[in-house]
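One structure is given here, and the rest of the page talks about it.
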Amino acid sequence: MTPVHFSFSSAFILGLMGLAFHRTHLLSALLCLEGMMLSLFIALALWTLQFESTGFSTAPMLLLAFSACEASTGLALLVGTARTHGTDRLQSLNLLQC
């Protein structure tokens, strides 16, 4: 495994572990998801540069567009829960009451 592959895989695993173990606030969960998506975007962009093919060149931009949609939806949920519940703590949210 090259150092570049190791750094991107460790960045993804670090975001995944942050999402799994530090689930106190919705904002921290969203930041961990964005870190995971950013590491996937950079890894996919470097992968397409390595093969030098034009067929895969749209995949990183599509992933970046989905990541932007995910971020805007997450921020809308954050604002909605902060207004209705008064906090963004994940322990205070109950899906059955929404």
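Numbering of the sequence shown is given in this note's numbering, commencing with residue 1183 and proceeding in unit increments.
Just so you know, even glycine gets a beta-carbon here, dropped at the ideal spot from N, CA and C.
- If you ignore the 5 residues before and after T1184, its C-beta comes within less than 7 Å of no other C-beta in its own chain.
- Contact annotation, H1204 with D1270: C-beta distance approximately 13 Å; criterion of less than 8 Å not satisfied.
- One Cα belongs to L1198, the other to L1244, and the distance between them is close to 21 Å.
- Distance check between L1212 and each of F1233, S1239, S1192, E1252 places E1252 closest, using alpha-carbon atoms only.
- When DSSP states are grouped into helix, strand and coil, R1265 belongs to the helix group.
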